[in-house]
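Here's the structure, in C-alpha coordinates; my notes come after.
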Amino acid sequence: MDLNSFAKLISDKRKALGLSMTDVSEKTGINIEALEKYEKGIQKPTAGDIKSLGKALGIPPVILMHGPEMVHSSGFDEDGHRTSKWTEF
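Its first residue numbered 2, the sequence shown is counted upward by one per residue in our numbering.
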(Lines of atoms letter the chains of each structure in order from A; the text may use other names.)
(Lines give C-alpha, C1' and ligand atoms only; values in the text may rest on other atoms or scores of the structure.)
Protein backbone atom coordinates (compact mmCIF):
# COMPACT_ATOMS: atom_id res chain seq x y z
CA MET A 2 0.00 0.00 0.00
CA ASP A 3 1.34 3.41 -1.02
CA LEU A 4 0.40 5.68 1.89
CA ASN A 5 0.73 8.87 -0.18
CA SER A 6 -1.68 7.56 -2.83
CA PHE A 7 -4.09 6.40 -0.12
CA ALA A 8 -3.89 9.78 1.65
CA LYS A 9 -4.56 11.77 -1.52
CA LEU A 10 -7.42 9.50 -2.56
CA ILE A 11 -9.34 9.71 0.72
CA SER A 12 -8.66 13.42 1.18
CA ASP A 13 -9.73 14.31 -2.37
CA LYS A 14 -12.86 12.14 -2.18
CA ARG A 15 -13.87 13.48 1.24
CA LYS A 16 -13.56 17.05 0.00
CA ALA A 17 -15.38 16.25 -3.27
CA LEU A 18 -18.28 14.89 -1.23
CA GLY A 19 -18.28 18.02 0.93
CA LEU A 20 -17.59 16.04 4.09
CA SER A 21 -15.66 17.30 7.09
CA MET A 22 -13.37 15.07 9.08
CA THR A 23 -16.06 15.07 11.77
CA ASP A 24 -18.60 13.80 9.23
CA VAL A 25 -16.28 10.96 8.18
CA SER A 26 -15.48 10.16 11.81
CA GLU A 27 -19.18 9.87 12.61
CA LYS A 28 -19.86 7.70 9.55
CA THR A 29 -16.92 5.37 10.14
CA GLY A 30 -16.29 5.35 13.89
CA ILE A 31 -12.65 6.28 13.19
CA ASN A 32 -11.37 9.00 15.51
CA ILE A 33 -10.35 12.31 13.97
CA GLU A 34 -6.72 11.95 15.04
CA ALA A 35 -6.40 8.73 13.04
CA LEU A 36 -8.18 10.30 10.05
CA GLU A 37 -5.73 13.21 10.10
CA LYS A 38 -2.79 10.79 10.11
CA TYR A 39 -4.33 8.81 7.25
CA GLU A 40 -4.85 11.96 5.18
CA LYS A 41 -1.27 13.07 5.85
CA GLY A 42 0.05 9.65 4.83
CA ILE A 43 1.84 9.08 8.13
CA GLN A 44 -0.13 6.12 9.46
CA LYS A 45 -1.14 2.87 7.79
CA PRO A 46 -4.88 2.20 8.21
CA THR A 47 -6.23 -0.99 9.71
CA ALA A 48 -8.20 -3.39 7.51
CA GLY A 49 -11.37 -2.42 9.35
CA ASP A 50 -10.70 1.28 8.77
CA ILE A 51 -10.12 0.66 5.06
CA LYS A 52 -13.47 -1.09 4.85
CA SER A 53 -15.24 1.69 6.80
CA LEU A 54 -13.64 4.46 4.74
CA GLY A 55 -14.52 2.67 1.52
CA LYS A 56 -18.15 2.44 2.51
CA ALA A 57 -18.36 6.05 3.74
CA LEU A 58 -16.59 7.51 0.71
CA GLY A 59 -17.97 5.18 -1.95
CA ILE A 60 -14.58 3.76 -2.89
CA PRO A 61 -14.03 0.00 -3.16
CA PRO A 62 -11.54 -1.12 -0.50
CA VAL A 63 -9.32 -2.71 -3.16
CA ILE A 64 -8.86 0.75 -4.69
CA LEU A 65 -7.97 2.19 -1.30
CA MET A 66 -5.35 -0.53 -0.83
CA HIS A 67 -3.85 -0.57 -4.33
CA GLY A 68 -4.51 2.88 -5.75
CA PRO A 69 -6.69 4.37 -8.46
CA GLU A 70 -7.48 2.36 -11.55
CA MET A 71 -10.34 1.20 -13.73
CA VAL A 72 -12.71 -1.18 -11.96
CA HIS A 73 -15.26 -3.40 -13.64
CA SER A 74 -18.55 -4.22 -11.99
CA SER A 75 -21.39 -6.32 -13.28
CA GLY A 76 -24.77 -7.32 -12.05
CA PHE A 77 -28.44 -7.11 -12.93
CA ASP A 78 -30.74 -4.11 -13.22
CA GLU A 79 -34.27 -3.93 -11.84
CA ASP A 80 -35.62 -5.60 -15.02
CA GLY A 81 -33.27 -8.55 -14.69
CA HIS A 82 -30.98 -7.45 -17.52
CA ARG A 83 -27.27 -8.01 -17.10
CA THR A 84 -25.26 -4.84 -16.54
CA SER A 85 -21.59 -4.13 -17.06
CA LYS A 86 -19.84 -0.96 -16.04
CA TRP A 87 -16.27 0.36 -15.91
CA THR A 88 -15.54 3.05 -13.37
CA GLU A 89 -12.32 4.97 -12.91
CA PHE A 90 -11.24 5.63 -9.34
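Note that beta-carbon positions come from the ideal geometry of N, C-alpha and C, so glycine has one too. On a predicted model such as this, the values are computed, not experimentally measured, just so you know.
Query                                                                                                                                       : Result
Leaving out five residues before and five after Asp50 in sequence, what residues of the same chain have Cβ atoms less than 6 Å from its Cβ? : Ile31
Mind checking which residues open and close the alpha helix (DSSP H) that includes Pro62?                                                   : Pro62 to His67
Which class does Lys9 belong to by DSSP, given the choice of helix, strand or coil?                                                         : helix
According to DSSP, is Ser74 part of a helix, a strand, or is it coil?                                                                       : strand
Please look up how many angstroms separate the CB atoms of Ser6 and Gly55, rounded, as I've assumed it's under 8 Å.                         : About 15 Å separates the two Cβ atoms, so there is no contact after all.
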